[in-house]
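Q: Each residue of the sequence shown is one higher than the last, beginning at 58 in the numbering used here.
First the structure, then my questions, so here it is.
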Amino acid sequence: MAEKVLLVDDEKEFVEGLAERMELRGMNVTACTNPQEALEKVDNESFDAIILDLQMPGIDGIEALKHIRKSRPELQVILLSGHATVEKGIEAMKLGAMDFVEKPADINVLTDKIKKAQAKKMILVEEKTEEKVKEILSHKGW
Numbered sequence: 058m059a060e061k062v063l064l065v066d067d068e069k070e071f072v073e074g075l076a077e078r079m080e081l082r083g084m085n086v087t088a089c090t091n092p093q094e095a096l097e098k099v100d101n102e103s104f105d106a107i108i109l110d111l112q113m114p115g116i117d118g119i120e121a122l123k124h125i126r127k128s129r130p131e132l133q134v135i136l137l138s139g140h141a142t143v144e145k146g147i148e149a150m151k152l153g154a155m156d157f158v159e160k161p162a163d164i165n166v167l168t169d170k171i172k173k174a175q176a177k178k179m180i181l182v183e184e185k186t187e188e189k190v191k192e193i194l195s196h197k198g199w
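Right, dumping it as structure tokens:
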């Protein structure tokens, strides 16, 4: 099953080039250069992983990550940055980012991380479904 990825970075040329390389590897990529637009997509569409630039104007990667964690905790976020400080990376990991990749991103490393993100999301969704089933059964006295 092709990984469905949301790629968010304010550098248009970078996003276009990376999206093309990811698509050549069989991924279904939605690319955004506007973080607000990306958050709207997170709220309304399904993704296996989000590749999120840490340094963006307006809503930065940390604020976007907080929104994603609150609205869609099963989504796996891989942070991407060429200019972030170690402190920002640590803060993001504490907020629930799955991983951190420095620009320029090695496509093979990034592809591997996306596959792991998809697997982790599937496990989380399955666990959540099992919890709901158990809750329903316990209410019915089963």
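Virtual Cβ for every residue (Gly too), placed ideally from N, Cα, C.
Pick helix, strand or coil for Ile119, following the three-state DSSP scheme.
A: Taking the first residue of the sequence shown as 1, we reach residue 119 at position 62. Looking at Ile119 - three-state DSSP - the assignment turns out to be helix.
Q: Val158 and Lys173: beta carbons closer than 8 Å?
A: Here residue 158 corresponds to residue number 101 of the sequence shown, with the count starting at 1. Here residue 173 corresponds to residue number 116 of the sequence shown, with the count starting at 1. It is not a contact, given that the beta carbons lie outside the stated cut-off.
Q: Out of curiosity, what's the CA-to-CA distance linking Glu187 and Met84?
A: Working through the sequence shown from its first residue, we reach residue 187 at position 130. Working through the sequence shown from its first residue, we reach residue 84 at position 27. In a straight line, the C-alpha of Glu187 is about 28 Å away from that of Met84.
Q: Is it true that the CB of Ser138 sits closer than 8 Å to the CB of Asp110?
A: Within the sequence shown, residue 110 is the residue found at index 53, counting from 1. Within the sequence shown, residue 138 is the residue found at index 81, counting from 1. Contact: yes.
Q: Less than 7 Å between C-beta atoms, sequence neighbours within five positions excluded: which residues of the same chain meet that for Glu148?
A: Position 91 of the sequence shown holds residue 148. For Glu148, where only same-chain residues beyond five positions count, the Cβ hits under 7 Å are Ile119.
Q: Hey, Met113 and Pro130: beta-carbon distance below 8 Å or not?
A: The residue given as residue 113 occupies position 56 in the sequence shown. The residue given as residue 130 occupies position 73 in the sequence shown. Not closer than 8 Å, so no.
Q: Taking Cβ to Cβ, would you say Ile125 is nearer than 8 Å to Ile108?
A: On the sequence shown, position 68 is the one that residue 125 refers to. On the sequence shown, position 51 is the one that residue 108 refers to. No, the pair does not count as a contact, with Cβ atoms beyond the cut-off.
Q: For Val166, collect the residues of the same chain with a Cβ closer than 7 Å to its Cβ; drop the 5 residues on either side in sequence, then sort them by chain order.
A: The count along the sequence shown starts at 1 and reaches residue 166 at position 109. Here the set comprises Val158.
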